[in-house]
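Residue numbers (our numbering): 17 to 643. From the three backbone atoms N, C-alpha and C, an ideal C-beta is built for every residue, glycine too. Here the structure is a predicted model, which means the values were calculated and not measured.
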Amino acid sequence: MSLLRRRGPLALVTLLAGSAIALLTWPAAPRVPLPPVHVALVDPYGHPPLEDYGRVQALLRTEDVGALVATADELDGYLAYRVAQLLARSEALPAAERLVWFERVLELRIDDPLERAARRALHAEIGAVAEAAAAAGAPGAAGAAGADERALAAYRLALPDQAAIDGIERLEPDPYRRANAFLQANMVTRALQALDGRAAPSIEAPALRALGRHAEALDAFRRWLAEAPGERSALEGEAWSLFSLERWPEADAAFAALGGATGAYGRGLIAARQGRIDEAVAHMLATGQATRMWLASGWLEARDRFPEAIGVYLRIAESGDRSLADDAAYRAFVLASRAGDAATAARARALLPARSFFALRLGATLDVPAGAPAASDPSAASATARAALELARALMTVQDPEAARGELLFALREASARADGEAREDVIALAEALQAHHGEYRQSQRAAQALLDAGDRDPRVWRLAYPRAYPESVEVHAAAFGVEPELVWAVMRQESAFSPVAVSTSNAQGLMQVIPSTWAWLAELQRESAGDPFVPDDNVRYGAYYLRWLIDHFDGDLELAIASYNRGQGYIGRLFAGDLVGGDKDELYRHIDALETREYLQRVTLHLETYRALYGGDATRLADAER
17 MSLLRRRGPL
27 ALVTLLAGSA
37 IALLTWPAAP
47 RVPLPPVHVA
57 LVDPYGHPPL
67 EDYGRVQALL
77 RTEDVGALVA
87 TADELDGYLA
97 YRVAQLLARS
107 EALPAAERLV
117 WFERVLELRI
127 DDPLERAARR
137 ALHAEIGAVA
147 EAAAAAGAPG
157 AAGAAGADER
167 ALAAYRLALP
177 DQAAIDGIER
187 LEPDPYRRAN
197 AFLQANMVTR
207 ALQALDGRAA
217 PSIEAPALRA
227 LGRHAEALDA
237 FRRWLAEAPG
247 ERSALEGEAW
257 SLFSLERWPE
267 ADAAFAALGG
277 ATGAYGRGLI
287 AARQGRIDEA
297 VAHMLATGQA
307 TRMWLASGWL
317 EARDRFPEAI
327 GVYLRIAESG
337 DRSLADDAAY
347 RAFVLASRAG
357 DAATAARARA
367 LLPARSFFAL
377 RLGATLDVPA
387 GAPAASDPSA
397 ASATARAALE
407 LARALMTVQD
417 PEAARGELLF
427 ALREASARAD
437 GEAREDVIAL
447 AEALQAHHGE
457 YRQSQRAAQA
467 LLDAGDRDPR
477 VWRLAYPRAY
487 PESVEVHAAA
497 FGVEPELVWA
507 VMRQESAFSP
517 VAVSTSNAQG
527 LMQVIPSTWA
537 WLAELQRESA
547 GDPFVPDDNV
557 RYGAYYLRWL
567 IDHFDGDLEL
577 AIASYNRGQG
587 YIGRLFAGDL
597 VGGDKDELYR
607 HIDALETREY
617 LQRVTLHLET
627 YRALYGGDAT
637 RLADAER
């Protein structure tokens, strides 16, 4: 197995007229005699900064695994990670030793929460090696039993992959532990199947409730309470099961006994179901939670009790809740304005964050540095960062872009964790190199965003945090479908944060996060076989095509198109045209049922406006001319 792909083993250097130059071309018919040329073959791996890579290459050529193991402890950075991967996957080593190297891989790797598929695959691989170590009789105090436990731990992290399911069913003899592993992975049907009729109320109850089998769940929760009186999870489950069964007096008593925010929330829902709105509102306000108070404000509005609703909205706005404070302030502004209450409207408007969707709606502009930023000064970076940049350049000369990118990513992680005076310039220099020369936008953007979050105003940082990612694909496909490239980048930033291998919990995939059913539909619309969602160019093309389709579907209304990209055009279209909203955008903002979709519309729009401001795109604002 070759780890370091050495496509160019030697660098050809010519010495011409006393100066070293790269030999690029050779004239076919020189018009004048050339000076004498002396050619020297130089192995780049034998000189700084590639010596360590050269040592590893030499060991790989000789297939001296023992020497490679001895050398691995002396390495650092990305090369240490790469060698650890090689040794972990080397069939020349016993499984127990490979397991040790897999632990080193886990220690060194850059973990990305969006790379769910890759992470599950890695843990499934570790589980298989640990299982092999157990079968071989792993040495040490824990022995084979310890290796089996390590395999089970890895397989649990790899669920719901089929290899992990099979591994747990092979290795876990205890049906209760096996069922619990599946339950923790939300594989509730398989958890019940693993029990095979055995009583385990702490597993049965939540699984049955998740399946909507509420009467059976209630019985299981009560059996759980018989075994563990006062268990909070069982008490909550009992209360919610009674609620789902509409056994209102018992459910109300159960929530009253629970107390706290959960108890007040449950009692508020019951009171609302029974038409006792004043009581329902009081319970929701008692929770102190913005999402619960938002429900209460809706109940008040539905009964035209607008002054009371405004009071609730102002309370939410003043709570500082990150998701709902701006929505609530804007809604209070809308209702107060309709009622002619200028003072309350002004109070509500003052609560709107300056950088918010609703502030734009009311005519604000984003405070974004415009124009091209000044060029970075390489000398401002630390010696460590400059060394990483030099190493990356050297790795590119030997045609190893994977290692070049890896070394920069490891250096970026180290710089982002530091708090010294040079750390900021290091982050900027490394992120610039990753984006400009290596097409890496995910980790570089995250590092730049962290600087923005800390208050950095440097135009370089803004552009790194809002990159024109995959520009060839975006610009070509955006132009082909008549979509602003800034809109594609805005959606991409929100959907995948520029990770081409991102997979969501709903199985949306790739840069533009398209779910498989929509992917197949888009392929059908384009009359072609479906492309690969993890190929960036394919994913960008499908995403841009879908945006064009949505924009056309809604007669050019970008807000409806953006909201539909998240929630679906059917729901958004029916809501917008229905009696509740009646084509009024202010009502749409309030009545979209999913907080995720409301936040999505706002964030993508902010991203779009930021891209326009940074890169000189269409400066159209969302301001309502009548306000």
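Between the CA atoms of residue j and residue i - distance to the nearest angstrom
i, j, result
"ARG365", "THR381", "15 Å"
"ALA107", "ARG606", "It is Glu, not Ala, that sits at residue 107 in the sequence shown. Computed Cα separation, rounded: 59 Å."
"ASP436", "PHE514", "28 Å"
"VAL297", "ASP268", "15 Å"
"TRP537", "ILE332", "41 Å"
"THR521", "GLY547", "21 Å"
"ILE286", "THR303", "15 Å"
"GLU266", "LEU591", "36 Å"
"TYR587", "SER580", "8 Å"
"PHE374", "GLN510", "18 Å"
"LEU576", "ALA629", "22 Å"
"ARG338", "LEU611", "12 Å"
"ARG371", "ALA140", "43 Å"
"TRP310", "ALA341", "10 Å"
"THR613", "ALA352", "25 Å"
"ASP472", "GLU123", "31 Å"
"GLY276", "ARG248", "12 Å"
"GLY314", "TYR457", "41 Å"
"LEU76", "PRO417", "19 Å"
Simplified DSSP assignment, three categories, for residue i
i, result
"GLN525", "strand"
"VAL530", "strand"
"VAL597", "coil"
"LEU39", "Any reading at LEU39 must be qualified, since the residue scores a pLDDT of 28, below 50, and its modelled position is unreliable; the value itself is stated next. Three-state DSSP puts LEU39 in coil, outside helix and strand."
"VAL384", "coil"
"VAL517", "coil"
"GLY24", "Low confidence applies to GLY24: its pLDDT is 39, below 50, so where it sits in the model is not reliable, and the reading given next is rough at best. Of the three classes helix, strand and coil, the one that applies to GLY24 here is coil, per DSSP."
Assigned exposure category for residue i - 16 Cβ within 10 Å defines buried
i, result
"ASP554", "buried"
"THR621", "buried"
"PRO501", "buried"
"THR78", "exposed"
"LEU227", "exposed"
"GLU459", "Checking the sequence, you will find Gln at residue 459 rather than Glu. It is buried - the Cβ of GLN459 has at least 16 other Cβ atoms within 10 Å."
"THR626", "buried"
"PRO46", "Residue placement at PRO46 cannot be trusted, given a pLDDT of 45 that sits under 50; what the coordinates show is reported in the next sentence. Result: exposed."
"PRO532", "exposed"
"ASP571", "exposed"
"GLU243", "exposed"
"PRO245", "exposed"
"ASN523", "exposed"
"GLN529", "buried"
"GLU220", "buried"
"PRO323", "exposed"
Endpoints, the alpha helix (DSSP H) within which residue i is located
i, result
"GLU295", "293–303"
"SER339", "It is not in any alpha helix (DSSP H) - SER339 carries neither H nor E in the DSSP assignment."
"HIS569", "552–569"
"MET508", "501–512"
"MET412", "399–413"
"TYR581", "574–583"
"VAL116", "111–124"
"SER313", "306–318"
"ASN196", "191–200"
"LEU285", "276–289"
"HIS623", "611–631"
"ALA355", "Neither: ALA355 is in no alpha helix (DSSP H) and is coded neither H nor E."
"LEU76", "67–78"
"ILE142", "132–151"
"GLN101", "93–104"
"HIS230", "230–243"
"SER489", "487–497"
"ALA608", "According to the sequence as given, residue 608 is Ile; it is not Ala. Careful: ILE608 lies outside any alpha helix (DSSP H) and carries neither H nor E."
"GLN465", "458–469"
"HIS454", "439–454"
Taking 8 Å as the threshold, find out whether the segment 390–408 comes into contact with the segment 350–366 through three or more Cβ pairs. Judged by Cβ distances under 8 Å, the segment 390–408 makes no contact with the segment 350–366, as fewer than three pairs qualify.
Would you call the segment 487–507 and the segment 463–478 touching, i.e. three or more CB-CB distances under 8 Å? The segment 487–507 is not in contact with the segment 463–478.
Counting Cβ pairs closer than 8 Å, one from the segment 558–576 and one from the segment 523–542, do we hit at least three? yes
If contact is defined by three or more beta carbon pairs under 8 Å, each pair taking one atom from either stretch, is the segment 197–205 in contact with the segment 175–183? yes
Okay, do the segment 476–484 and the segment 446–460 touch, 3+ Cβ pairs below 8 Å being the bar? yes
Determine, using beta-carbon pairs with one atom in the segment 58–70 and one in the segment 410–418, whether at least three such pairs fall under 8 Å. yes
Check whether the segment 252–260 and the segment 232–239 touch, using three or more Cβ-Cβ pairs below 8 Å as the test. yes
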